[in-house]
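Those letters in the sequence shown? Residues -29 to -1, 1 to 1064, by mature numbering (1 follows the signal peptide of the UniProt record, and there is no 0). The beta carbon of each residue, even a glycine, is placed where N, CA and C say it ideally should be. Quick caveat, the model's predicted, so the values are computed rather than measured.
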Amino acid sequence: MKKISHNGFIKRFISMFLAILMVMPTCFAGNTSVFHPLVAKAATQSVASTKGLKVKVNNANGFDVSFAKVKKAKGYQLAYSKSKKFKKKQTKFVRINPTSKQNKKKIITYSVKNLKNGQKYYVKIRAYKKVGKKTIYGKYSSIKAVTVKKRNSVNKPEQNDTNNEDKSDSDSSSEDGSLGGSASDSNNKAQTYIEGYIPESMMDKEATFEKTNSTITYSKGQWVKMLLQENGSDVSLVDKERGYSYADVSESEYADYIQLAENIGCLPASADKDYDPENDVKMFYPNDEATREFAVYTTVHLLEFETDNIDILTFSDSEDITYPNEVSVAIRNHFLSLKDGKFNPNLALSETDKNQIFANIEKIQASEQIDETKVYENVKYSSDVKKPNVKYRAVKNGDSTFTVRLKDETSEYSVGDVLVLPASNEYPGGLAIKISSIKKDGDVYVLSAITPEFEEVYNTLQFQGVSYADVDSFEFADDVTGSVKLNGGNQTGTDAFRINEDKEFNFEDAKLSLNFSKDITDKIKINGNVDFSIPKIKARVDATVKFRNTTLNELYFTTTNKLELTGNVEATGLETGYEITHGSGTKEFKAADWELGRFSVPLGHTGLTGDVVLYAVMNVKGEITLTYKLTTESGIHYTKKSGFKRVNELVSKDKRISVKASAKLGLKLSLGLWALSAFNLAAIAINIGFGAAVSYVRHADVTPVLNCGDGVLYLYLSFGLDDGSLLAKIGEHLSFSIEKEIWNETKSPLLENVHVENANLVNKCTYGQSRLIGKAVDKKTGEPIKHAEVKVYQGNVLCHTGSTDVNGEFIVENVSVAEYNIVISATGYKRYSSKETAIKGDFYLQTYELLSKNGAEKGDLECDVLDAVTAKRIENFTFKIYKNWNVISGTAVFGGECLSGGISVSLESGYYTVVVEAKNYSKSATNVVIEGGKTTNTSVVMNSYDPKNEGTIRIILTWGEKPLDLDSHLYCVNNQKYHVFFSNEKVDNANLDVDDTNSYGPETVTITKVNSDDKFEYYVHDYTNRSSTDSDKLAKSNAVVRVYDGNNLIATFKVPTNKKGTAWHVFDYDSEQNEITPINTMDYTKHDNITNM
């Protein structure tokens, strides 16, 4: 018998490709900001210019400078260059931070040593100060010149605490158009710059592979295993205790690999062409041969290629292809080759085919590796572009135009001119504008400008390299504070984000720590801490313009971040399960996100910048505390020929969670790749984190009250598309939906069952656990149904997945005492659904009789409504009929009032619950199966409602058409022993009210007086088959025993379907403890005195 178990925790998470697309932050609920290149806020306070600069040669192969102190300046930036125009590559920058003693003087001095003998240098200096998180610079002093001369004695270089080379600040540009902070400026690693070209991409090339004459082929299960191993996917992350999505894989040696492939979305919907997801069970057929089409489908989706809305290739055998999109992507990427114009989708995958696929996977992986020690640049502007080397102030207006003020005495400007302005603090990648009007304000040009077309600026834009974000550029959002952790240390305050170049700094180990707190409503508050590494951006851009048409040959753009998040959502005054809307007070809460802060990352000298914005994301229906660590590399890879794919890897190392309801808490990392702060080449947003979907039951019969919850912990992921980016506009194979959810609580690499008690995770329910035992059979033949899919939900949370065995049976292990919804699907049958309330120990479910989905549409129901004590018809009642079993509320499919004592109605073929209410009776229900073209006979047995019933115990037995005669046997086994059954119907304290001998029941026993020390045993005997020693008719009888304490239904038992016998020991009752103990054993006896068998 197959078991679906529910314990244990996943110890580590998956290492694989994530499905990430491009998105703007506005695609996500709760965020109304517009994604744009990161522009610093204009400074509201100025710094005076530095005056009195004097320069003279010193005796240390250098020069000394002196200058007048600037009031309120925090420090000074000294620039010296071999170029009079201070070209970037010929200029050094030094930060001078005077000591408190030096600041008491009016004149500041500084020495530069060990320069090139005989070299002439140009020198200038400016002051700066900190305003909040910004560094504000004053104007440079006048330029001085000095020639270094050789001295007879040379001083040994000294360590100077104030001599910090400044590699992050510059507002000048070179004459050859190279702009802004380079990769080496910010990552503090040695890099070689190579100009004029970038290495040829491997992405579109066909890899070499070994061709063999082998006749080896592979099964589907074997291929999936080999493919995942080739990709480096971690199969140990499959939670076996949740079961398998396919009904026929649990016994396969490849089961875990198949489930992992299903979880990450790289398997076709079903191996059956006529598969009906509404009713049929999913089959995989792991031992069938893997075909060429199956192999490319799994490969294309594992590597996260985009397959929607692409140009589909045609072949001479296209009509034989089931997945033309995936095959088209595969051929473009050389995964397999054509033969005589045919793809041959149904041919078995050969060893040569396997070698070709694996060789091209390795080629793609190699194409996404970038040498961090080399930066390749090739930027050529249009001949009409002007590149003034000037200082300027640019303000972006609300209508997306610019107002630019600049002073330039050497150039003339005209309306229509396209300018490329140099890098500045506000625009670290420079700025491209097109002049729409010109005014003069004295010697200052005031330009009104728009953003030019990409084709008006560039002839060629090529870049390949790696860069780290400049920590100085990080801008905090409101209500966010933080610090930088450098190699295990800590820096806080106004100097927290300044890196001292005289100290060794390892970007791999550095962390930026952010603290946030936000009141969402008067009842919800969120606070937390995020530690993440300094973002490292890898990029490859190859764009060319010919005849005013832009060709994007390749774009590769990723960022690597190590994230550690601890967050707490506090919700007060909410009842379990309530939802509230952000700011509205209604009972629905929608996802909210808000900005924590942002970086700008210049990429080389190209004018390219990678912009990083970090958001906190929350979606909660209660309270949650969440801690996790993620390492992600996320991005995109596009080539003109191969199309678009997501290039992402995630490794999760740790997580801890405490919940009181369903919730999500995570991070959204928005990435933008911009050229000259004007051209959006690509935009990505990763919305990722952990969530918990938990349904609760309250146990008030223990002290303290225990709130038990069962659910799932999952990794979630969503993304969308910025269709305004250059990549989306000119990519030949790109046309995506705006927003897409990749992972959620039902489909994710991480799906971990959890049990929560009073907001704490526990390995096992302390209230007590249940085991659900059930069986599925064909309604018409009674034969067991093999490989039926069984899903168990608590609320909307999928807790267990499994399938029936050869006997049609299934077991769900280690479930909490709670209400569940059981959903059973089998190919060729109508889907079945039933609500069940589990009790401690083994809990047997009524036999599920599944209907063929091809039968007649309607059938008839004839239902008697009977008094449990008299077995007579009740003539005045109301009734409702609900879809599915054990459903007693909601929207009824039929209902009415009846005076005749019976219900006659025609219904669609299916599964129903008939619920009846009558005056002076307890509300009662029964389950029915309506078979098309037939009449179903059944009854609803009602317990009379009488104040005199208080203190009595009533046991009501009902069953199906066969066997004809089942008997109730009640034993009192304490001092006053008695046995109530058909031959001894009445004793002093109990009696058999009804003895039914012709199917259905009821058989009713009432204990009229219960003494404080009474102990009872209750049995059901198959009188019809009493002489048999191998009968299973009792197990197939659909017998149900209901126990009432006065007017209250306190227990329901269904006959065990996995046991044989003619005597069913149902339960024991201890009146002293007021406790019913389920027994559910079966044995054979032909005697009336069952306990003496």
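query                                                                                                               : result
Assigned exposure category for SER385 - 16 Cβ within 10 Å defines buried                                            : exposed
contact_flag[the region 217 to 228, the region 346 to 365] where n(CB pairs < 8 Å) is 3 or more                     : no
Cβ-based burial, LEU963 [other Cβ within 10 Å; buried from 16]                                                      : buried
Nonlocal neighbours in the same chain, by C-beta distance under 7 Å from GLY903, ignoring five residues either side : GLY826, ALA827, GLU828, LYS829, GLY830 and SER880
Beta-carbon spacing of VAL951, LEU941 below 7 Å                                                                     : yes
Residue nearest to LYS749 in terms of C-alpha spacing, selected from GLU780, ASP681 and LEU821                      : Reading off the sequence, residue 749 comes out as Asp, not Lys. The candidate whose alpha carbon is nearest that of ASP749 is LEU821.
Residue from LYS110, PHE38 and SER20 with nearest C-alpha to LYS76                                                  : PHE38
Beta-carbon proximity list for ALA319, same chain, < 6 Å, skipping 5 on both sides                                  : THR188 and GLU260
Contact with chain C by SER805, beta-carbon distance below 7 Å                                                      : No chain C is part of this structure, which consists of one protein chain only.
Reduced DSSP category for LEU309 - H, G, I as helix; E, B as strand; rest coil                                      : coil
Burial state of VAL864 (16 or more Cβ within 10 Å)                                                                  : exposed
Three-state secondary structure assigned by DSSP to ILE96                                                           : strand
Straight-line Cα distance separating THR929 from LYS919                                                             : 24 Å
GLN73 (DSSP reduced to helix, strand or coil)                                                                       : helix
Buried/exposed call for GLN947, threshold 16 Cβ in 10 Å                                                             : exposed
Under the three-state DSSP convention, the category PRO573 falls into                                               : strand
As assigned by DSSP and simplified to three states, the class of VAL683                                             : strand
Residue of LYS176, ARG66, ASP205 and GLN48 minimising C-alpha distance to SER613                                    : LYS176
Enclosing beta strand (DSSP E) for VAL777 [first to last residue]                                                   : Counting along the chain, VAL777 falls outside any beta strand (DSSP E), and DSSP gives it neither H nor E.
Limits of the alpha helix (DSSP H) - the one that TRP194 falls within                                               : 191 to 202
Distance between beta carbons of THR372 and ALA420, contact taken as under 8 Å                                      : 7 Å
ARG925, buried or exposed, once every other Cβ within 10 Å from all chains shown has been counted against 16        : buried
VAL981 in three-state terms, based on DSSP                                                                          : coil
Proximity of residue 1086 and VAL618 at Cβ, strictly below 7 Å                                                      : Absent from the model: residue 1086. The displayed extent of the chain is -29 to 1064, so no value can be given.
Where the beta strand (DSSP E) containing GLU879 begins and where it ends                                           : 873 to 879
Any alpha helix (DSSP H) of 4 or more consecutive residues that is wholly inside the region 986 to 1044             : none
Beta carbon of PRO423 nearer than 7 Å to that of LYS410                                                             : no
Alpha-carbon to alpha-carbon, THR1048 and LYS986                                                                    : 11 Å
With 16 other Cβ atoms within 10 Å as the buried cut-off, status of ASP132                                          : For ASP132, the predicted structure reports a pLDDT of 34, less than 50, and the residue's modelled location is therefore unreliable. The matter cannot be settled from this model.
Beta-carbon proximity of THR21 to VAL41, cut-off 7 Å                                                                : yes
Residue range of the alpha helix (DSSP H) that includes ILE508                                                      : ILE508 -> not in any alpha helix (DSSP H); beta strand (DSSP E) instead, spanning 507 to 517.
Burial state of LEU309, where buried means 16 or more other Cβ atoms lie within 10 Å                                : exposed
Simplified DSSP assignment, three categories, for GLU472                                                            : With a pLDDT of 32 at GLU472, under the threshold of 50, the modelled position of that residue is not reliable, and the figure given next carries that caveat. Coil, per DSSP.
Through-space distance from TRP856 to ASN1009, alpha-carbon basis                                                   : 14 Å
Nearest residue (CA-CA) to TYR217, options LYS762, LYS509 and LEU208                                                : LYS762
Cβ distance (whole Å) where SER207 is taken to contact PRO257 below 8 Å                                             : At roughly 19 Å, the Cβ-Cβ gap does not stay under 8 Å, so SER207 and PRO257 are not in contact.
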